[in-house]
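Colleague: Questions regarding the structure given below will be posed in turn.
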Amino acid sequence: MADVLEPGSELSLTVRGYGVIVRIGPDGTLHVTCPDLPQLSVSSPTVTEAISCTEDAITAIQTRCARGYLPKAQVR
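Read left to right, the sequence shown gives residues 0 to 75 (numbering that gives the first Met the number 0).
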């Protein structure tokens, strides 16, 4: 697994039903984005923290949608 997490590499994962892309920056920081949720952007030094923050961000986006702050088409 250590080879996968080298700077410049990219992983595709599913978090809470959404496909996310994890990119590893030159300094080793993980950057998480989601094509289906363009407002989702998470940066973290560890995989565990990146996934946890991504889960929290998805929940926050879903909450804002449920309250009418975001168009429902963006959130499942």
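No residue lacks a Cβ here, since even glycine has one placed at the ideal position from N, Cα and C.
When the Cα atoms are used, what is the spatial distance from GLU156 to ARG63?
Modeller: In the structure as shown, the chain starts at 0 and stops at 75, and residue 156 therefore has no counterpart that could be examined.
Colleague: What is the rounded straight-line gap between the Cα of ASP2 and the Cα of ARG66?
Modeller: In the sequence shown, the residue the question calls residue 2 occupies position 3. In the sequence shown, the residue the question calls residue 66 occupies position 67. Bear in mind that a pLDDT of 48 at ASP2, under 50, signals an unreliable position, so the number given afterwards is only what the model happens to contain. In a straight line, the C-alpha of ASP2 is about 42 Å away from that of ARG66.
Colleague: Can you give me the start and stop residues for the beta strand (DSSP E) that SER42 sits inside?
Modeller: Here residue 42 corresponds to residue number 43 of the sequence shown, with the count starting at 1. Here the beta strand (DSSP E) through SER42 covers 40-43.
Colleague: Determine which residues share a DSSP beta bridge with ILE23 and list them.
Modeller: Along the sequence shown, one-based indexing puts residue 23 at 24. Partner(s): LEU29.
Colleague: Buried or exposed: where does ILE60 fall if 16 or more other Cβ atoms within 10 Å of its Cβ makes it buried?
Modeller: Position 61 of the sequence shown, counting from 1, holds the residue named residue 60. Label assigned to ILE60: buried.
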